[in-house]
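All remarks here apply to the structure that follows.
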Amino acid sequence: MSDSSTDRSAAPVLEVWCDLQCPDCRTALDDLHALRARYGDRLELRLRHFPLEKNKHAFAAAQAAEEAWEQGRGWPYAEALLGRVEELARKGEPFLVEIARELDLDAEEFDTALIDGRHILIVDADQAEGKAIGVSGTPTYVIGGERLDGGKSQEGLRERIEEIADRLLAGQEH
1 MSDSSTDRSA APVLEVWCDL QCPDCRTALD DLHALRARYG DRLELRLRHF
51 PLEKNKHAFA AAQAAEEAWE QGRGWPYAEA LLGRVEELAR KGEPFLVEIA
101 RELDLDAEEF DTALIDGRHI LIVDADQAEG KAIGVSGTPT YVIGGERLDG
151 GKSQEGLRER IEEIADRLLA GQEH
């Protein structure tokens, strides 16, 4: 899923396996912004949910992000949450609705979505797929069939992602 308008068959996909209450994922935002600036629509960034048990509100945050995608503001919502992980840890689920309100989203619909659990299956499916491909921490990136684990260190990851993306894009030109 992504709010990118690129032709999905043409753009290489960078899956970003993320826990929206994870400080390391917040740090990764700088890399994501740099990748967006460098590639624009030529690289599709796709958020995948991998809430970690140690982060009490991460599963609800993933559901809230899905609601933001339904309302057309997935990335802005995810980035707003990641920018304030400590606040989420302190305030809990009411903070998820507060962020929605700040972004002029339908906050009541967020509240209802968190209560009725309409997005749980998507989050569960992401988490199961992540485990199946060996994701164990966040952020983890998957591009061109390669898994890059940023949970331990993000050192050099952006450069590695760029190498793979450049190779994939060069392969499309032939």
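The letter at position 12 of the sequence shown is residue 12 when you use the numbering used here, and the numbering goes up by one with no holes.
Every residue gets a Cβ at the ideal spot worked out from N, C-alpha and C, and that includes glycine.
As the structure is a computational prediction, the values presented were derived from the model and not from experiment.
For R48, the three-state secondary structure derived from DSSP is strand.
Within its own chain, the residues whose Cβ lies closer than 6 Å to the Cβ of R101, once the five positions on either side in sequence are excluded, are A107, listed in chain order.
Boundaries around E15 are those of the beta strand (DSSP E), 13 to 18, since no alpha helix (DSSP H) includes it.
One Cα belongs to G137, the other to A113, and the distance between them is close to 26 Å.
When DSSP assignments are scanned along the segment 72 to 144, the uninterrupted stretches of alpha helix (DSSP H) that are 4 or more residues long and fall wholly within it turn out to be 74 to 82, 85 to 91, 93 to 102, 107 to 116, 120 to 132. DSSP places L43 in the coil class of the three-state scheme, outside both helix and strand. Assignment of beta-bridge partners to E146 by DSSP yields I143.
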